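Q: The following block contains the structure, expressed as structure tokens.
In the working numbering, the protein residues as written are -8 to 640.
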């Protein structure tokens, strides 16, 4: 079964003992049923056809990655590189097909080959180089991610239309990613249960030395195992990019942890020797159902991480309990438990349908809320600027009597696509989106448009899709102002460095474009270096410290946000505000405090709380059928020590 069908030990008689054994032997499936029933009772939006299909789509990429990781974990290995390999494979496909005119079929072959080669390199380093799997695949994680950034230049690449259909639906309702997930799951089940390489995985995971002494060519088998993991990662990358209509160099960042979690929740042991494709699928569905349900219940994204961590820990504890209870796994490839397994699945389906049908009555007679319901998907809440957007939006929603649900995409375009799908299937009155990437949000916005749900974009626009309004400051114009401010402070000549934002994000590209435009008017300004610090204060400190070693004579710093500027100030120490002038971006509370203190010369303030307030106001106007301006510009303002006292973001 999902957690390796187990044979009960003798002596466990009685119906109660049998039920206890059934639950222990099928822990992951039991957990999935409990989750579905609980969420059906807590949210009337969960048990709808559209939302259940959303859950399948949202599980697809993680599941396909996890099927590949299952091969590795069964053989007592680990693969931390699958997320990066998925991104690299998608970038290779888009780059070769769109930038170099390679036929799409050949581009797909190159993409899959890229995944296989990455897996073979992992396998070679582990089998022949004697590197621990953790170290070898960690190195590949960095190499593959770096190559995806190098090939793409840090920017998303449009995906070929013929391949993007993998992110569409068949017959207008059946999502293609779900079909791909099912096909890859069946392939993984066949490999594990019906092939020589599958039996080899279990043998190596059970006892590698015994497998070697029995004549198994362990090194060659490891090459094949990691190559399979790379192949599945490539397929997952193609499906993910198809959903987003673009290959993102930062796509699938951190997905390797979700994949490993799905395998472990599904009953596989990190010690090797156990694990099944069916269990992995159930593990991926549990993660997807959790995220979907917690989104619908408006649970904070930060608490979502806590909940998922607890679920993983409980899954491992359940595995420990059932082993201590005396259950023993059925040998891989045997057919003894298959009839019982099928019966268990059938019983689970009947119980789930019955209980869910009963809980659905809880929502049948409930009175509908009269308050307009809206969803706000922010690119991240790990940045004070976006926290202020949320604060402004929530304050305006409270004032207008709007029920506002806020989600955090954590700078993951795929996660944001999931959140927007959840908003759409929940039938919200309006959706406000601050895109992680302007291209990647297009398909989700089109789906909302099709459902006749007004969409308001805030801070960043959405490409190739229609929004009712864009509420934003002009990042390019703001970048030009930042360049002009530092240049004039230096008297039109001097040496500066630029701290760029997170590679691949539209805000980083637009602000960098503005810096370049603004500096053209000041030929006396020499740019000594430009380095990304990912909009992060700690990275701003580290990058600036490194740049000071190479350029101790720097006179000015332009940072693409206040967080990086504050990190640079820390690195500069007593030089900040004296011999080195620093200009930030966003006008965050900490940034304005530094402006008052004189260490930060200026911040190009976008008034983020105003962005949030105006976005909610325009969304409500759209819901009520009132006219909304297609573009609402919130002016940027250079805040220095002279005017900071009168500025309120």
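Even glycine gets a Cβ: it sits at the ideal position worked out from N, Cα and C.
Owing to the predicted nature of the structure, the values given are computational and were not obtained by experimental measurement.
#1: Within its chain, find whatever has a CB closer than 6 Å to the CB of residue 225; leave out the 5 residues flanking it on each side and keep chain order.
#2: Three or more C-beta pairs closer than 8 Å, one from the stretch 229 to 241 and one from the stretch 294 to 306: is that the case here?
#3: Assign residue 125 to one of three DSSP states: helix, strand, or coil.
#4: Within the continuous alpha helix (DSSP H) that includes residue 655, where are the two ends?
#5: Are there 16 or more other CB atoms within 10 angstroms of the CB of residue 399, so buried, or fewer, so exposed?
#6: Counting only the same chain and skipping the five closest in sequence on each side, list residues whose C-beta sits under 8 Å from that of residue 618.
#7: Could you check where the alpha helix (DSSP H) with residue 37 kicks off and where it finishes?
#8: Using beta-carbon positions only, say whether residue 490 and residue 550 come within less than 7 Å of one another.
#9: Taking just the CA atoms, how far does residue 559 sit from residue 539?
#10: Do you know offhand how far residue 381's Cα is from residue 369's?
#11: For residue 386 versus residue 367, is the C-beta distance shorter than 7 Å?
#12: Rounded to a whole number of angstroms, what is the C-alpha to C-alpha distance between residue 168 and residue 604?
#13: At which residue ranges does the stretch 421 to 457 contain complete beta strand (DSSP E) runs of 3 or more residues, listed in the order of the chain?
#14: Indicate whether residue 595 and residue 472 have their beta-carbon atoms separated by less than 7 Å.
#15: Quick one: what's residue 576 bridged to in DSSP?
#16: Is residue 203 near the ligand MG - that is, is its Cβ less than 6 Å away from at least one heavy atom of it?
#17: If distances are taken between C-alpha atoms only, which option among 130, 261, 530 comes closest to residue 66?
#18: Rounded to a whole number of angstroms, what is the C-alpha to C-alpha distance between residue 397 and residue 289?
#19: Do residue 64 and residue 213 have their beta-carbon atoms positioned less than 7 Å apart in this structure?
#20: Thinking C-alpha only, which one of 76, 592, 143 is nearest residue 220?
#21: Pick helix, strand or coil for residue 146, following the three-state DSSP scheme.
#22: Taking Cβ to Cβ, would you say residue 577 is nearer than 7 Å to residue 552?
#23: What does the alpha-carbon distance come out to for the pair residue 467 and residue 492?
#24: Between which residues of its own chain and residue 407 is the CB-CB distance below 6 Å, once the five residues before and five after are set aside?
#25: Under a three-way DSSP split, which group does residue 549 fall into?
#26: Just to confirm my understanding: we take residue 124, look at its own chain, exclude 5 residues before and 5 after, and list those with CB closer than 6 Å. What are they?
#27: Count the other CB atoms, across all protein chains shown, that sit within 10 Å of the CB of residue 622; report buried if there are 16 or more and exposed otherwise.
#28: Would you decide whether residue 53 is buried or exposed? Buried here means 16 or more other CB atoms lie within 10 Å of its CB.
#29: Would residue 19 pass as a contact of residue 253 if the rule is Cβ separation under 7 Å?
#30: Please name the residue, chosen from 264, 284, 292, 249, that lies closest to residue 274 on a Cα-to-Cα basis.
#31: Assign residue 131 to buried or exposed, taking buried as 16 or more other Cβ atoms, counted over all protein chains shown, within 10 Å of its Cβ.
#32: Reducing DSSP to helix, strand and coil, say where residue 375 ends up.
#33: Could you check the C-alpha separation between residue 505 and residue 625 for me, to the nearest Å?
#34: Can you check DSSP and say which residues form a bridge with residue 366?
#35: Are residue 287 and residue 440 closer than 7 Å when you measure CB to CB?
#36: Could you tell me the alpha carbon to alpha carbon distance between residue 111 and residue 222, rounded to whole angstroms?
A: Judging by the given coordinates:
#1: 80, 102, 103, 106
#2: no
#3: helix
#4: Lying outside -8 to 640, the shown extent of the chain, residue 655 is not represented and no answer is given.
#5: buried
#6: 612
#7: No alpha helix (DSSP H) holds residue 37; DSSP gives it neither H nor E.
#8: yes
#9: 10 Å
#10: 8 Å
#11: no
#12: 37 Å
#13: 421 to 424, 446 to 449
#14: yes
#15: 595
#16: Ligands are entirely absent from the displayed structure, and the ligand MG is therefore not among its contents.
#17: 261
#18: 7 Å
#19: no
#20: 76
#21: coil
#22: yes
#23: 14 Å
#24: 368, 400, 427
#25: strand
#26: 68, 69, 117
#27: exposed
#28: buried
#29: no
#30: 249
#31: buried
#32: helix
#33: 17 Å
#34: 396, 422
#35: no
#36: 10 Å
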